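Student: Below: one structure in structure tokens.
Number of protein chains: 2
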Amino acid sequence: MINIIVDAMGGDNAPKAIIDGCIEAVNMQEGFKITLVGKGEVIKKILDDNKFDRNRIDIVNANEVIAGDDTPTKAIKNKKDSSMVVGFNLLKEKKGDAFISAGNTGALMTGALLLIGRIKGIDRPSLPALVPSKKNMVLIIDAGMNTVCRPINYLQFAIMGSIYMKLIYKLQSPKIGLLNVGSEDAKGNDTLKNAFRLLSSGPVNFIGNMEGNDITSGDVDVAVCDGYVGNVSLKLFEGAGSLLLKEIKGIFTKNMITKLCYLLMKSAFKDFKSKFDPDELAGAPVLGVKELVIKSHGSSKAKTIRSAILKRAIPLIQCEVLNEIKNQFENMEVKPSDDEIS
Amino acid sequence: MINIIVDAMGGDNAPKAIIDGCIEAVNMQEGFKITLVGKGEVIKKILDDNKFDRNRIDIVNANEVIAGDDTPTKAIKNKKDSSMVVGFNLLKEKKGDAFISAGNTGALMTGALLLIGRIKGIDRPSLPALVPSKKNMVLIIDAGMNTVCRPINYLQFAIMGSIYMKLIYKLQSPKIGLLNVGSEDAKGNDTLKNAFRLLSSGPVNFIGNMEGNDITSGDVDVAVCDGYVGNVSLKLFEGAGSLLLKEIKGIFTKNMITKLCYLLMKSAFKDFKSKFDPDELAGAPVLGVKELVIKSHGSSKAKTIRSAILKRAIPLIQCEVLNEIKNQFENMEVKPSDDEIS
Chain F
1 MINIIVDAMG GDNAPKAIID GCIEAVNMQE GFKITLVGKG EVIKKILDDN
51 KFDRNRIDIV NANEVIAGDD TPTKAIKNKK DSSMVVGFNL LKEKKGDAFI
101 SAGNTGALMT GALLLIGRIK GIDRPSLPAL VPSKKNMVLI IDAGMNTVCR
151 PINYLQFAIM GSIYMKLIYK LQSPKIGLLN VGSEDAKGND TLKNAFRLLS
201 SGPVNFIGNM EGNDITSGDV DVAVCDGYVG NVSLKLFEGA GSLLLKEIKG
251 IFTKNMITKL CYLLMKSAFK DFKSKFDPDE LAGAPVLGVK ELVIKSHGSS
301 KAKTIRSAIL KRAIPLIQCE VLNEIKNQFE NMEVKPSDDE IS
Chain S
343 MINIIVDAMG GDNAPKAIID GCIEAVNMQE GFKITLVGKG EVIKKILDDN
393 KFDRNRIDIV NANEVIAGDD TPTKAIKNKK DSSMVVGFNL LKEKKGDAFI
443 SAGNTGALMT GALLLIGRIK GIDRPSLPAL VPSKKNMVLI IDAGMNTVCR
493 PINYLQFAIM GSIYMKLIYK LQSPKIGLLN VGSEDAKGND TLKNAFRLLS
543 SGPVNFIGNM EGNDITSGDV DVAVCDGYVG NVSLKLFEGA GSLLLKEIKG
593 IFTKNMITKL CYLLMKSAFK DFKSKFDPDE LAGAPVLGVK ELVIKSHGSS
643 KAKTIRSAIL KRAIPLIQCE VLNEIKNQFE NMEVKPSDDE IS
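Line by line, the protein sequences are chains F and S. First residue of the first sequence? That's 1 in this note's numbering, and the numbers climb one at a time after it. First residue of the second sequence? That's 343 in this note's numbering, and the numbers climb one at a time after it.
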């Protein structure tokens, strides 16, 4: 049976929100188990207050906690009995199929690289993010793990992103765009121009340069970029959604008539809000490392963790996304020398 | 009296939409004149079909047109009788207070640099863009003119952006943020870290690193970034707005009740749409050159040009933004050597 290892102690609302999210997930869906890692006594107390199938959540004790302001490399190296390091070790020993943490992002990335390790052929693992568009979901890759990228990284992001969208959304040939300042071929700085060249001859369905608004148009399935642009885009997208929802709320609370309209339309707006709710979209896999590591954001609530388990971890395990990435890179000759200007 | 020089031939919808926009502007507001530059016969014919004060729009003939796919430098150097080059020359000869064009962006930037020239002390002029936030308008600078920037450029963008927001929006001390992948001090790549250092000791109210969602929160007044990130952000913002409006439209057309609600709320939604309408926000000045050059986007409609004249050009002239930028840089010692890692 699928087993998901969860860092009970990571994140602003840990451990309660994390544990509540796990219980919600277990109560909503069959077919998987959870291993909670952290301070056993604390976890047990929260579990005891709730109703769920006791056979589906177990606890592995870890006495330390990596804090949000700990230095990533130091924390991973020194806090051997932290929930995060113990969680990584369980994953490495194949005691689970995925490890989810809402803890210190830098430490999680460092742990994924140092304790789990890169897939052969991949220079830079990446953290992608999904956003809604006018058509399907769109994957932004990288969304924050690599703030400076070489052209070869863009190609590798494109290959991983293509596999992700192919397996998870059953797309035959995901359309890959290079996020740029214009849609014409020769746009952008030298790195982007070289990335364009590599992508053009790479094993992906590259449709060329794209602009910021093409993310939301849905004309591409994967937007390839460095983690600086990707991170700003992802967060701006969330911010724009929040701004527009606030404006709409203002319109509906204007007078009695608009308030009545809101009551009449409440259920329709609920679906709409959930589609743009960052908590529903949360849970990003670190693609390019040997096991499935999933980052949930620091302010994760119970529903964020529930989504990360049900909507992110389980589909990624069931669709064998990591295996497909390993296969593709094993059979590929990666030539970082292609990186240079020809 | 203020005179605005307008390139009648630039843009996808030129010359009709451009000329219509000028007529609308003249009919809506007193106190300025317009000089239309382009093919005299064509312009005259369109003007003849409309009602407006004939003393307020005149024509300067130019027989050539710079096309959207012309190579910028070549076009500016060779097409001496194009509406764009003639417009630039009129501006240089002080025959007008601003020059607006919706034509070839590259050519407009090249012309601004070659024919008008940089203000002393400014290494890289910049194209900023305004977006709405939960509080006031926020200026993204640079929004596309410079895809690779050195740390000193960020400082210069910040100074120009600060002056812009101070004079146009009467802010005492505009809050300047550096657009980054996290809000902590030591975030981002080396360029961003050095830009952070320069901004910290610069003559601006620097509040530190900001993330994508801080653009829409309104907690900063100016978001400083390179033109790659800024351009993607601006266009993604527009795209997110368009996506959300589409979703809302879908909700309102669901059934008879929701359709009725829409009718009841129509006027409230009109204000909302206009706030997020890219055409209303259009018209970006090239800050850092000696005269006021304003770029309106290629797909400008009549209302876009009207906005560029009434909401962008005239306030920029009246508030003497360029003079203030010139004064500030004249009295400042710019040391590009501060650029390097210390």
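By construction, the Cβ of each residue, glycine as well, lies at the ideal position given by its N, Cα and C atoms. Please read these numbers as outputs of a predicted model, since none were measured by experiment.
#1: Measure the CB-CB distance between Ser83 of chain F and Ala8 of chain F and report whether it falls below 8 Å.
#2: Have a look at the DSSP bridge pairing and note the partners of Phe441 of chain S.
#3: According to a CB-to-CB cut-off of less than 7 Å, which residues of the segment 559-574 of chain S neighbour chain F?
#4: What number of angstroms, rounded off, separates the C-alpha of Cys319 of chain F from the C-alpha of Leu167 of chain F?
#5: Go ahead and pull the three-state DSSP assignment for Gly208 of chain F.
#6: Please look up how many angstroms separate the CB atoms of Ile140 of chain F and Ser233 of chain F, rounded, as I've assumed it's under 8 Å.
#7: Just to confirm my understanding: we take Lys517 of chain S, look at its own chain, exclude 5 residues before and 5 after, and list those with CB closer than 8 Å. What are they?
#8: Just to make sure I have the definition right: I need the residues of chain S whose C-beta is within less than 8 Å of the C-beta of Gly188 of chain F. Which are they?
#9: Mark Glu330 of chain F as exposed unless 16 or more other C-beta atoms lie within 10 angstroms of its C-beta, in which case mark it buried.
#10: Do you know how far the Cα of Gly410 of chain S is from the Cα of Asp362 of chain S?
#11: Verify the CB distance criterion: does Val181 of chain F have a CB-CB separation below 8 Å to chain S?
#12: Which value, in whole angstroms, describes the spacing of the CA atoms of Leu578 of chain S and Ala240 of chain F?
#13: Are any of the Cβ atoms in chain S nearer than 8 Å to that of Lys74 of chain F?
#14: Rounding to the nearest angstrom, what Cα-Cα distance links Gly38 of chain F and Val85 of chain F in this structure?
#15: In the DSSP assignment, what are the bridge partners of Leu139 of chain F?
#16: Run through chain F and tell me which residues come within less than 7 Å of Cys603 of chain S, C-beta to C-beta.
#17: Anything in the segment 476-506 of chain S with a Cβ closer than 7 Å to a Cβ of chain F? List those residues in chain order, please.
#18: Determine which residues of the segment 235-252 of chain F have a Cβ less than 9 Å from any Cβ of chain S, and write them out in chain order.
#19: Taking the Cβ atom as the reference point for each residue, do Lys632 of chain S and Gly459 of chain S lie within a distance shorter than 8 Å?
#20: So that I know if they touch, is there some Cβ in chain F lying closer than 8 Å to that of Ile408 of chain S?
#21: Taking the Cβ atom as the reference point for each residue, do Gly31 of chain F and Ile5 of chain F lie within a distance shorter than 8 Å?
#22: Roughly how many angstroms separate the alpha carbons of Ala195 of chain F and Met210 of chain F, rounded to a whole number?
#23: Please determine, among F:Asp214, F:Ile325, F:Pro285, F:Leu179, the residue with the shortest C-alpha to C-alpha distance to Pro203 of chain F.
#24: So with Cβ pairs under 8 Å, would you call Glu553 of chain S a contact of chain F?
#25: Which partner residues of Gly519 of chain S appear in the DSSP bridge assignment?
#26: So within the segment 260-326 of chain F, which uninterrupted alpha helix (DSSP H) runs reach at least 4 residues, ignoring any that extend past its ends?
#27: Based on the DSSP output, what are the partners of Arg460 of chain S in its beta bridges?
#28: Whose CA, out of F:Leu90, F:Asn89, F:Thr73, lies closest to the CA of Asn104 of chain F?
#29: Tell me which residue opens and which closes the alpha helix (DSSP H) that Ile376 of chain S is part of.
#30: Along the chain, where does the alpha helix (DSSP H) containing Ile494 of chain S start, and where does it finish?
#31: Return no unless some Cβ of chain B is closer than 8 Å to the Cβ of Ala268 of chain F.
#32: Taking Met451 of chain S as the reference, give the member of S:Cys364, S:Leu433, S:Ile418 with the closest Cα.
#33: Hey, out of S:Val523, S:Leu541, S:Gln371, S:Val490, whose CA is closest to Asn189 of chain F's CA?
#34: Counting Cβ pairs, one atom from each stretch, are 3 or more of them under 8 Å apart for the segment 304-313 of chain F and the segment 280-296 of chain F?
#35: Using CA atoms only, rank isn't needed, just tell me which of S:Lys437, S:Ser443, S:Leu457 is closest to Pro357 of chain S.
#36: What separation, rounded to the nearest whole angstrom, lies between the Cα atoms of Leu155 of chain F and Tyr228 of chain F?
Tutor: From the atom records:
#1: In the first sequence, residue 83 of chain F corresponds to position 83, counting from 1. In the first sequence, residue 8 of chain F corresponds to position 8, counting from 1. Yes.
#2: Numbered from its first residue, the second sequence carries residue 441 of chain S at position 99. According to DSSP, which records beta bridges pairwise, Phe441 of chain S is partnered with S:Ile347, S:Val635.
#3: Ser559, Gly569, Tyr570, Val571, Asn573, Val574
#4: To locate residue 319 of chain F, count along the first sequence from 1; it is residue 319. To locate residue 167 of chain F, count along the first sequence from 1; it is residue 167. C-alpha separation (whole angstroms): 6 Å.
#5: By 1-based counting over the first sequence, the position of residue 208 of chain F is 208. Strand at Gly208 of chain F.
#6: Within the first sequence, numbered from 1, the residue matching residue 140 of chain F stands at position 140. Within the first sequence, numbered from 1, the residue matching residue 233 of chain F stands at position 233. The Cβ separation is near 6 Å, so the contact holds.
#7: Along the second sequence, read from residue 1 onward, the residue named residue 517 of chain S stands at position 175. Counting only Cβ-Cβ distances below 8 Å, and skipping sequence neighbours, we find Asn547, Ile549, Asp561, Val562, Asp563, Val564.
#8: Residue mapping note: residue 188 of chain F aligns to position 188 of the first sequence, counting from 1. Residues of chain S passing the Cβ test: Thr489, Tyr570.
#9: Here residue 330 of chain F refers to the residue found at position 330 of the first sequence. By the 10 Å Cβ count, Glu330 of chain F comes out exposed.
#10: As a working note, residue 362 of chain S is residue 20 in the second sequence. As a working note, residue 410 of chain S is residue 68 in the second sequence. If I take the Cα positions, the gap works out to 21 Å.
#11: What you label residue 181 of chain F is simply residue 181 of the first sequence in a count that begins at 1. With 8 Å as the cut-off, Val181 of chain F counts as an interface residue toward chain S.
#12: By one-based count along the second sequence, residue 578 of chain S stands at place 236. By one-based count along the first sequence, residue 240 of chain F stands at place 240. For Leu578 of chain S and Ala240 of chain F, the distance between alpha carbons rounds to 9 Å.
#13: The residue given as residue 74 of chain F occupies position 74 in the first sequence. It does not: the Cβ of Lys74 of chain F has no partner Cβ on chain S nearer than 8 Å.
#14: By one-based count along the first sequence, residue 38 of chain F stands at place 38. By one-based count along the first sequence, residue 85 of chain F stands at place 85. Taking the straight line from one Cα to the other gives about 10 Å.
#15: If you number the first sequence from 1, residue 139 of chain F lands on position 139. Answer by DSSP bridge pairing, in chain order: F:Leu130, F:Val222.
#16: One-based indexing of the second sequence puts residue 603 of chain S at position 261. Within chain F, the residues near Cys603 of chain S are Cys261, Leu264, Met265.
#17: Lys476, Gly486, Thr489, Val490
#18: Lys235, Leu236, Phe237, Glu238, Gly239, Ala240, Gly241, Ser242, Leu243, Leu244, Leu245, Lys246, Glu247, Ile248, Gly250, Ile251, Phe252
#19: Position 290 of the second sequence, counted from the start, is the residue given in the question as residue 632 of chain S. Position 117 of the second sequence, counted from the start, is the residue given in the question as residue 459 of chain S. Contact flag set, yes.
#20: Locating residue 408 of chain S in the second sequence gives position 66, where the first residue counts as 1. Answer no: the Cβ-Cβ gap between Ile408 of chain S and chain F never drops below 8 Å.
#21: Indexing the first sequence from 1 puts residue 31 of chain F at position 31. Indexing the first sequence from 1 puts residue 5 of chain F at position 5. No, the Cβ-Cβ distance between Gly31 of chain F and Ile5 of chain F is not below 8 Å.
#22: For the purposes of this step, residue 195 of chain F is identified with residue 195 of the first sequence, where counting begins at 1. For the purposes of this step, residue 210 of chain F is identified with residue 210 of the first sequence, where counting begins at 1. Taking the straight line joining both Cα atoms gives about 13 Å.
#23: As a working note, residue 203 of chain F is residue 203 in the first sequence. Of the candidates F:Asp214, F:Ile325, F:Pro285, F:Leu179, the one whose C-alpha sits nearest the C-alpha of Pro203 of chain F is F:Ile325.
#24: Along the second sequence, one-based indexing puts residue 553 of chain S at 211. Taking Cβ atoms only, chain F reaches closer than 8 Å to Glu553 of chain S, which makes this a yes.
#25: Start at 1 with the first residue of the second sequence, and residue 519 of chain S comes out as number 177. Answer is S:Gly550, S:Ala565.
#26: 278-281, 302-307, 314-318
#27: Taking the first residue of the second sequence as position 1, residue 460 of chain S is located at position 118. DSSP, once it has assigned bridges, lists S:Val631 as partnering Arg460 of chain S.
#28: As a working mapping, residue 104 of chain F is identified with position 104 in the first sequence. With distances taken between Cα atoms, Asn104 of chain F lies closest to F:Thr73.
#29: On the second sequence, residue 376 of chain S is found 34 positions in, with the first residue counted as 1. From DSSP, Ile376 of chain S is part of no alpha helix (DSSP H) but of the beta strand (DSSP E) over 374-380.
#30: As a working mapping, residue 494 of chain S is identified with position 152 in the second sequence. Counting along the chain, the alpha helix (DSSP H) containing Ile494 of chain S begins and ends at 493-510.
#31: The question asks about chain B, but that chain is absent: this structure's protein chains are F and S.
#32: Here the question's residue 451 of chain S lines up with position 109 in the second sequence. Ranking S:Cys364, S:Leu433, S:Ile418 by Cα distance to Met451 of chain S puts S:Ile418 first.
#33: Within the first sequence, numbered from 1, the residue matching residue 189 of chain F stands at position 189. The option with the nearest alpha carbon to Asn189 of chain F is S:Val490.
#34: yes
#35: As a working note, residue 357 of chain S is residue 15 in the second sequence. It is S:Ser443.
#36: Numbered from 1 along the first sequence, position 155 holds the residue referred to as residue 155 of chain F. Numbered from 1 along the first sequence, position 228 holds the residue referred to as residue 228 of chain F. Straight-line Cα distance between these residues: approximately 17 Å.
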